[in-house]
Structures are given as structure tokens and as C-alpha cells.
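> Residue numbers (the working numbering), protein chains in the order written: chain D, 1 to 349; chain P, 1001 to 1333; chain F, 2001 to 2355.
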Amino acid sequence: MTATLAPHREPGSPAPASSRRLADRVFRIREFGIVAVLVVFVAVTASIQSRFLSSTNIQFILVDATIFALLALGETIVVISRNVDLSVGSVLGLSAFLTARLASNTHGLPLPLVFLAGIGIGLLCGIVNGLMVTIGRVPSLVVTLATLYIIRGADVLIVGGGQVVPSSYYPSFLTISKATVAGIPDLAIVVAVVIAGGAYWLRTYRSGRELYAIGSNPDAARLAGIPMGRRVFTAFALSGAIAGVAGVLWASRYGTVDSTAGTSYELQVVAAVVVGGVAIFGGSGSVVGAAIGALLLQTINSALYVLGVSPNWDQAIAGFLLILAIVLDRLISLRLTASLRRRSARRGA
Amino acid sequence: MRWETGLVVVVIAIAIMGSSLSPQFLTANNFFNLGLNNGEIAIMALPMALIIISGEIDLSVESTLGMSSAVLGVLWADHWPMLAIFVVVAVVGALAGAINGLLVTRVGLPSLAVTIGTLALYRGIALILLGPRTVANFPTIYTNVGIVAIPHTDLPYSIGIFIVLAVIFAIVLHATPFGRSIYAMGDNAEAAMFAGLRVKRIKTTLFIVSGVASALAGVLFTFRLNTAVQDNGTGLSLDVVAIVLLAGVSIFGGKGSIGGVFLAVLAFAGLQNALLLTNFNQEATGLVTGGLLLVSVFVPNAAMFVRSIRRAVTRMTRRMPSEPALSMPRKDT
Amino acid sequence: MRALLRRAPLAASTLVVASAVAVAACSSSGSATPSSSSSSSGSGSSTAKTGLKIFVIPKNLGNPYFTTADSKGTGGALAAISALGDSGTETSGTAATSASQIPAIQAAITKGANALVVSATDPTALCPTLNGAIKRKIPVVTYDSDAPSCRSLFINQASTSAIGTSEVDLLAKQIGDSGEIGIVSAAASATNQNAWIGYMKTELAKYPKIKLVATVYGNDDPATATQVTQGLLEQYPNLKGIISPTTVGILAAAGVLDSAKYRGKVMLTGLGTPDSMKKYVSDGTVKAFELWNPANLGYLAGYAAADIAGGTLKVTQGATFTAGKLGQFTIGADNTVLLGPPTVFDSANINNFNF
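1) I'd like to know whether the C-beta atoms of M228/D and I242/D end up nearer to each other than 8 Å.
2) Cβ of F1207/P less than 8 Å from any chain D Cβ?
3) Nearest-angstrom Cα distance between K2211/F and L321/D?
4) Going along the stretch 1216 to 1240 of chain P in order, which residues come within less than 9 Å of chain F, judged by CB to CB distance?
5) Measuring alpha carbon to alpha carbon, tell me which residue in T1027/P, S1022/P, T1234/P and A1191/P is nearest S1068/P.
6) Check the Cβ of V2228/F against every Cβ in chain D and list those closer than 7 Å, keeping chain order.
7) Anything in chain P within Cβ reach of I34/D, meaning under 7 Å, just list it in chain order.
8) Using the DSSP secondary-structure output, state which residues sit across from L2116/F in a beta bridge.
9) Quick one: which residues of the stretch 268 to 293 of chain D get their C-beta closer than 7 Å to a C-beta of chain P? List them in chain order.
10) Apart from the five residues just before and just after L73/D, which ones in its own chain have a Cβ nearer than 8 Å to its Cβ?
11) Strictly under 8 Å for the Cβ-Cβ distance: is T1115/P near chain F by that measure?
12) From S1257/P to L1276/P, what distance separates their C-alpha atoms?
13) Let me know if Q2230/F comes out buried or exposed under the rule of 16 or more other beta-carbons within 10 Å of its beta-carbon.
14) Can you pull the chain P neighbours of K2111/F, defined as C-beta to C-beta under 7 Å?
15) Quick one: give me the first and last residue of the alpha helix (DSSP H) that L2300/F is part of.
16) In this structure, what does DSSP give as the bridge partners for L2291/F?
17) For the beta strand (DSSP E) containing K2240/F, name the first residue and the last one.
18) Locate the alpha helix (DSSP H) running through E1040/P, then write down its first and last residues.
19) List the endpoints of the continuous beta strand (DSSP E) containing N2131/F.
20) Exposed or buried, what is K2261/F when buried is set at 16 or more other beta-carbons lying within 10 Å of its beta-carbon?
21) Spell out a yes or no on whether the stretch 36 to 47 of chain D and the stretch 243 to 253 of chain D are touching, meaning 3 or more CB-CB pairs, one atom from each, closer than 8 Å.
22) If we cut at 8 Å on Cβ distances, does T1118/P have a partner in chain D?
23) How many Å lie between F2321/F and I158/D at the Cα?
24) Among V1010/P, A1213/P, T1289/P and W1003/P, which has the Cα closest to the Cα of T147/D?
25) Do A246/D and L98/D have their C-beta atoms closer together than 8 Å?
26) So is S2098/F in contact with chain P if we call contact Cβ pairs under 8 Å?
27) Please go through the same chain and pick out, in chain order, the residues whose beta-carbon is closer than 7 Å to the beta-carbon of S2226/F, but skip the five residues on each side of it.
28) To the nearest angstrom, how far is the alpha carbon of V2021/F from that of G2164/F?
29) Contact check, N2060/F vs A2107/F under 8 Å by CB: the rounded distance?
30) Does any residue of chain F bring its CB to less than 8 Å from the CB of E1062/P?
31) For K2173/F, report the span of its alpha helix (DSSP H) as first-last.
32) Determine the direct distance from the alpha carbon of T76/D to that of I326/D, and round the result to whole angstroms.
33) Residues of the stretch 56 to 77 of chain D with a CB closer than 9 Å to any CB of chain F: list them in chain order, please.
34) On a Cα-Cα basis, can you pick out the residue from V1240/P, T1105/P and T1227/P that is closest to M1185/P?
35) May I ask you to list the residues that DSSP assigns as paired with Y2329/F?
36) At least one CB of chain D closer than 8 Å to the CB of T1027/P: is that the case?
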């Protein structure tokens, strides 16, 4: 994942072998860091309550984490380009309700079409965000803060006081989130493949790597002839479409959908992305890191429930861990910069 | 046209719309209610404006409000004297702000990420302090802030406090070197630092001021509702940010005025109230709030918007000519 | 991750009742006689003032439970109000918090309300506003959730003690009077949840072999309720039964139990709406649960408010009135009216209900 460290440098550029090796090593450490935290956390929890690692509980955690990992994938693509998408929770809510209705017995739309509808709804929202950010030249924080209100408002207006309940779906809709292969939820496998695909695109494809360039240094990116508008627009469209899919999964997972589904998810998704090591000012970070960040936060949450920690404590602990994660990340990257500077200084001398 | 001039037009339009749709809109009693429901948001908007002008953001204000409310409730239930409680609550607010400020300036973390973290942390502390408890037996002399107007006026106390604070903030921001340095660092943090401004210290101060103001808002909120519960104030942060952006404060920093904030509070509160008094579908209030925010950012961009569309059309090229607007200012360290 | 930034608990949909105290005392005084003919209601309203403006203010808008309780189409509060020749309006905030509900109450007063029908988001926080209404001689009828010190009349959906004890009895029957059980509640601060749980604990003393091992809180959010139920099952592998006295919680718990691993092994009961639970009753995940009819609750509240505002009903203990299709009711101690006993739903009768 050279992308995480030096996004502005093309993978094939002739970087000196020694610093490349160091960078690789640190990279491994950086991705390794969050995995290590995850492993330690799981080990400690399991030593207190062995049932934490029971197959059902692992399934529960994976299914819950997949929805956030998906949202984190879309958010990472946007954040890498030095933007932010605060509307994901509202998009998820709108998509969850509309697709849940389509999957109900009254409409009985086939499953693939339900997913297509979810993608379509999300894509539409993403396109609107993307157009306003690129052509309208409005800061994405402001645009998506406004669409957070507007899409939720539209959702509330459409839903009214209604809700879709589990009894009203055709049976295969609810089993999407329950099917497993060798004890691992199908959903987790599919989402892992999607995330791997996203990671491959960002690392390897020109369009993906240009997002890093844009986020790293917009002026330089423009001078280098990168089509910034088109790239950023694509990032928002993708983020919207992914949130639309997440809405379908949310409906399948939790069954009951009213106008509040996904409320305040946006900040949790940004939190997962930040914990996963993605720089909030763009240009650096990986979707794999963000996905692990989502998994870590979900695991912490589940552990607090399984350990029976007083529910009064879980929010403070989660907030504290989030701050700890970004502080650690900052310290590691400071050390990294310092060691790189020392190296290049030595080479220069 | 200055931004504030546009806001004045908006406020007048809302007043005309409100009074034509409902005869009760321009009554003293309705003004009192309108002010009462928005006093805390208005107070928190003042330091938020300064923070955003300096190029940062504080999303934790609603949780600082909630934490202060919880401290107030717990200590009152413990029979502390009210004066001592006020001191403690102010210190708690200052500490909350100081933690935000130090993490941003000394550790060098982005304020968006830090304050999302403390948004959860401070709310979590409120939850630990109060748990499922509700404290509701505050003395009438204090809970009257939710019922009684300032003598000889129709203004609730919270709005009176807001007006006094607005004057102080306006003087500080627009007429002192401290205020000018806030603009300078929002414009270009590096240049400000080279010019000898103590960027870190000033930003930390702003976060502390925000913490104390949120604590004050927490006290007013608790007394107005005569209730300290752990979820007091949830969801207010984005409202506060929306008001500040509506006020014409640039999310990139370096631009904005207290006069704008004052007018934006009027517009925001007036619109919400007018919608309540007419038979508008309350469920769609979010549509109107979000729409107002969008209009407020699009109007100044309209000329550029039209130009860029025209350019896109005339060039007939597949490549979009415009660059994306950036979401956030660059890190200043 | 749900816990990271928990949204304001939508405690509303759990049918939160604020006043636990008054209820036990008056559980015998309210008598619903659905057989009574609706013509008797005419006698009450014939001399009443009509054309009054009555505002129905649930905890929040967009809440399915209150939509059922309030709507004209379901035969809720607005149906009763318009049947008596008055004009009813439903209004509230979009979040179930007092800060969001209060502006709607103020606006209703400003708009010249003749009566308010309110489900209180908080037992005390609304009081300054509601007392303002009472001072202007606007009667305030609370329903579902009470604000005891600042209302004229409270319409109680069911006796607190009856809810608490009957749910324990339902579950005890299903698990054979022995084993570990857990409770999936709404918000930790929900007054009526805690009151019901208090009565459950008292009732559990009758079943020495049943052990209540934990109470967890799902905050009336489907995702959180799902996670806490999962945590409960993992923490206590020998769990035999779950009581969830909230419509959101019971649905989420049923979704977790709806698998070969748990179906028939962990029993579930509580408060739920028959429409939402049909799937789980028909596939055997849930045997029996209970609820009152929310539309009837709203109807009774709307009717009482219109009668009080119209001058045909004086709020005093022992006063009786006829509420249309629901029959005759008596005002009990602490100016409370009891809707009646809750209905138990099981596979035999669930298809007869539609709410």
C-alpha cells in the first residue's frame, strides 16, 4: 500500500531502494498497527468471556461490521480526494425504506432489482452531491451537511409515520444477512471482495491514484492535468451508490425500517475511516484500513455488550478510543516523517 | 452586495411571509417563545463563528452542553450551593474546550476528527454521571428563565445574554488585534505564524471560549426545561454549524462577521417558527433548513456557477473544466 | 459502533408511561365496556360546544406507534375529535425530546388551541409550557406518557402492575417456570419501562426457579436492540427466555431468535404490535405477547379532550363519560382514566388484528 504513504509518487517512479524498503516496512507497521489493536482487543475480551469467540457471535459482529465497512469504503474514496460526505446516513435511510417497500410482499420485486433500486437511489443522491461540489464549487462539508438535512427530510416526508416490518418481506430478503458459508456470513465475504476490489482500483488504476494526487495537493494535481472535477464527481457518485447498497443490507439485517434508519451514522462512518488511518485532509489512507477501522469499532461495541459492561460506559469508552486512535496515528506518522527526513539528510550528506 | 445585506432581505422576507400566513407571528408572546427555543443555539453560534473563521470547527458543542447539564444535575442533587455549581460547570466547560484545543494545536490533529471524538466522549461522560437519572427539582428562581421575560421587555433571558455576548464578540472580532489575528490565521495559518501571531495559543483560547459558552448554554437549557438528563442537547451541533455557515462565515476560514451571525439566528429561528405556526408539514422542516443552507452558499457562487456551466457547454468537451471546491482548510501545522 | 454516537433515544415508540404511581391505585376503577352502543355518545356532545381547535401532540412525528394512535384512518385521536364536530391537528417535533416537542406545544397555544392532547416526552420538562396552557384555561389531556403535575387528565393505556406481572406470567408458562431470563428494555431512563420492570421483579418472587440475569437497553433503535440481544445471548448461553416491554425491542429480539439455533429454545414475550409480529408468531419464534390497541388509546384521549373543552365533562374523581365506540369510562384517582386490560396475541387470534 504505497498509496498510504506517498500518494503523489507514481508506483513505478524511481525511488531509491533504501527509502522504499523503509517505507514498505513502516507501511506494514501502520496497517499492522490497527490489526494488532484488533487482535489484542479480541484476545483480552475472549480471555474474560470465552463465548466472545463463539461462531454465532463472530457471525453477528461480521454482519454488523459489513454495513459500516461498506459505508467506510465509500467515505474513504471521498475523503482521500480531500472532501467529505456527511449525507451517507440519510442516503442509507432513504434507500433502506424505499427498497424495503419494494421487497415487501405487496410489490414483490425480485432481489437483484431491489439491489439495483438501492444502487439507483444512492447514485442519484451521490450525483447531486457531486454536481454541487464540482460544478457548483461549494465546499463538500457544506453541501453534504445540507443534503444530510434534505435527504432525511425527504425520507421523513415519504415515510410519514409508516414503517416496514419483518412480516411484510418475502422470505429470501431477510435471509440475505443470515446465510453463511463455513460459518462466515455470505454478506461478509461479498463485502470483503468489494472492498478488495476498491482497494485494487485505488492502488492500481490511474483514476484511483489520481484521487490521492488531488487530495494530496490539488494545485499540483490541476497543473498535472488531472481531470479533478470528473474524479471528485465519481468519488461522490460511488459513495452515494455504496450507501444505497448499504441501505438494502440494513433493511435486510434489521428488518424494521422507519424514517429514522441510519440517523447519525455519518459521524460514526467518519470515525471508522479516521481510526482506519485515512487522513481527514485527503491524500493518504487505504480502504482496507478503513474497513478494519469499522470492524474494530464494531468489535469494541460488541465486546462491551458481551462483557456486560454497564451501558452507561460504552459511549465514553468508544469516544476515548477514537481519540486515542487518532493521537497514536499522528505520533506514528510524525516519527515516520522524522526518520525519513533523517535518512534523506544522511543521503544528501 | 454584502452578505449581511442579503441576510437582511431574507429576514424581512421571512417576517413578511410569517405575518401574512399567521396573525400571531408578530406578537410579543410568539417572539418570546421563538427566542426561548433558540437562545442556547444562538449563544453557541458566537464562538463557533470565531472558530470557523480561524479555520477550525467544533462539533462537540452539543455534548459539552449535555455534560455541563449532567454536572449541574448531579451536584444539585448532591445539595451543593448553586454558586459553587456554576463555578464547577464553567471549569468543566473550559476543560472540555481546552482538551479540544490542545489536541488540535499541540498534537496537530484535525479539529473535525478531534471534535467528533469528544462529541462521543463528552456525551459518554454525561451518561456516566447521570445514568438513567433525571434531576428536575431546580429552584423556581432559576427555572424562571424558561417562563419569565426580562423586565420591561419581551425577551427571554437567554436572548438577553446572547445580545450582550454578541456585542462583546463583535468588538473583539472586529475591533481588536486579537480579532484581526483570527482572520489572518484563517486566511493563511502559515503566513500568520511567520507574521509572529501565536496561532496555537489563540486557537486554544477560542476552543476554551467555545467550551465555556456551551457550558453556559447547558445551564440555560437545563433551567429552561427544569430537567437534567443525559441526552440534553443532542443534535444541536449541526444546527449551530448551519447557522454559522448561513451567516456567511466561510468554511475555509478567514471570512465572516458577528452581524451575519446575528441575522442568521433571526432567519433560522424565524423560519422554524413560521413553519410551526402555519400548517406546514412539520416533518419536512429539515428540507427547508437544508434548502436555506444550500441557497445561502449557492447565491454567492451563482455567477461562477453560470460561468462554469456556460464554459462546459461551449467547450463541448467531456472534461469538466472546474476544479472541485475543497471541503476543508489545510492543516496549519 | 452504534454506541459511539447514540442518537436521542426514541423512547416514544416504546409506549412510555411516566406515572407509575397513580396507576396501580386506579386499575380497578376504569371499566371499558366495548359493547355499549355509540349512540350514547351523542347525549354527551349534543349540548357541547363544537368547532373547537384541538391539537394532538405525540412525542414525535414519524413514529409508527403514534401514527396509529393519532390518525383518523386508524380510528385514533383525530377520528374521535372530528366525530364530535371539532377540528383536530396533529403536530410535534421530529425528535422525541422535550426540546423538540415544546416549540410545537407553544405554537399550538399561540394558534388558539381549545384543548391539547399530549404524550409527554418528559414528566417535568414540559411543565412550564403546559402550565402556561392550563393558566389560559386550555385543558391538557396526556396519553401514553404522563406529566403528572401539569395536566388535567391522563389516559393510561394499561395498569403498570398488570403489564409487569402478566408478562412474567406469560413467559413463565412458556419456559416451564424455571431457568434464566433476561429483559431487553428501551432507554435506561425510560420511566415506564423501569416501572414495568419493577413489577416484573416483584412478580418473579412467585417463581423461585426463574432467575433474572440481566436487563439490557436497546434504546428503541433496531440496530442497537439487535446488538444488545446478541450480547445477552452470548453472555448467558443457558438463557431460556427474554421479556421485551417495547415494540422496537421485541421485534429486534425476534429477528435475532429467528434462527434454527434459538427457535423454540429461547422464548420471547413482551409488548408488540400484532401486524409487525405476525411473521414470528407464524414461524414459531414467538408464542404469545401483548399490547393494548394504540388507536383506541388515542381515540379515548381525543374524545376526553373534546368533551372537557366542550364543557360536557368535568374532571373530578368518579365522573363518568361515554367515549363513542369504546363505551363508558370513569375518572379514577389522580384524575386518571384506564383504557383497559391489554390483549394477549398468539397464533390463534393474531390474524384478527390489524394494527
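Cβ coordinates follow ideal geometry from the N, Cα and C atoms, glycine included.
With the given structure in hand:
1) The Cβ-Cβ distance between M228/D and I242/D does not fall below 8 Å.
2) Cβ-Cβ to chain D under 8 Å: no for F1207/P.
3) If I take the Cα positions, the gap works out to 35 Å.
4) Answer in chain order: F1221, R1224, L1225, N1226, T1227, V1229, Q1230, D1231, N1232, G1233, T1234, G1235 and L1236.
5) Checked all of T1027/P, S1022/P, T1234/P and A1191/P; the closest Cα to S1068/P is T1234/P.
6) For V2228/F, the C-beta contacts it makes with chain D under 7 Å involve Y305, in order along the chain.
7) Under the 7 Å cutoff, chain P gives no residues; its nearest Cβ is about 15 Å from I34/D.
8) Answer is F2055/F and V2140/F, bridged to L2116/F.
9) Answer set for the stretch 268 to 293 of chain D: V270, A271, V274, I280 and F281.
10) The beta carbon of L73/D is closer than 8 Å to those of V194, I195, G198, I242, V287, A290 and A291 in its chain, skipping five residues each way along the sequence.
11) It does not; no Cβ of chain F falls within 8 Å.
12) A straight line joining the alpha-carbon of S1257/P with that of L1276/P spans about 29 Å.
13) It counts as buried.
14) Under the 7 Å cutoff, chain P gives Q1024 and L1277.
15) From DSSP, the alpha helix (DSSP H) with L2300/F extends over P2294 to G2310.
16) When DSSP reads this structure, L2291/F sits in a beta bridge with T2343/F.
17) It spans L2239 to S2244 - the beta strand (DSSP E) in which K2240/F sits, taken as one unbroken run.
18) Here the alpha helix (DSSP H) through E1040/P covers A1028 to I1053.
19) First-last for N2131/F: C2127 to K2135, but that is the alpha helix (DSSP H), not the beta strand (DSSP E).
20) Taking all protein chains shown into account, K2261/F has fewer than 16 neighbouring C-beta atoms within 10 Å of its C-beta and is therefore exposed.
21) Because the criterion of three Cβ pairs below 8 Å is not met, the stretch 36 to 47 of chain D and the stretch 243 to 253 of chain D do not touch.
22) The beta carbon of T1118/P sits closer than 8 Å to some beta carbon of chain D.
23) Those two C-alpha atoms are separated by around 38 Å.
24) Ranking the options by Cα distance to T147/D, first place goes to T1289/P.
25) Not a contact, by the Cβ cut-off of 8 Å.
26) At least one chain P Cβ lies under 8 Å of S2098/F.
27) For the record, residue 2226/F in the displayed sequence is Thr; it is not Ser. Correct list, in chain order: A2252, G2255 and V2256.
28) The predicted model places V2021/F with a pLDDT of 36, which falls under 50 and marks its position as unreliable, so this point remains unresolved.
29) Not a contact, Cβ separation roughly 15 Å.
30) With 8 Å as the cut-off, E1062/P does not count as an interface residue toward chain F.
31) T2160 to I2175 is the extent of the alpha helix (DSSP H) around K2173/F.
32) So the alpha carbons of these two residues sit roughly 16 Å apart.
33) Result list: T56, N57, F60, I61, D64, A65, I67 and F68.
34) Checked all of V1240/P, T1105/P and T1227/P; the closest Cα to M1185/P is T1105/P.
35) Looking at the sequence provided, one finds Phe at residue 2329/F rather than Tyr. Partner(s): F2321/F.
36) At a cut-off of 8 Å between beta carbons, T1027/P makes no contact with chain D.
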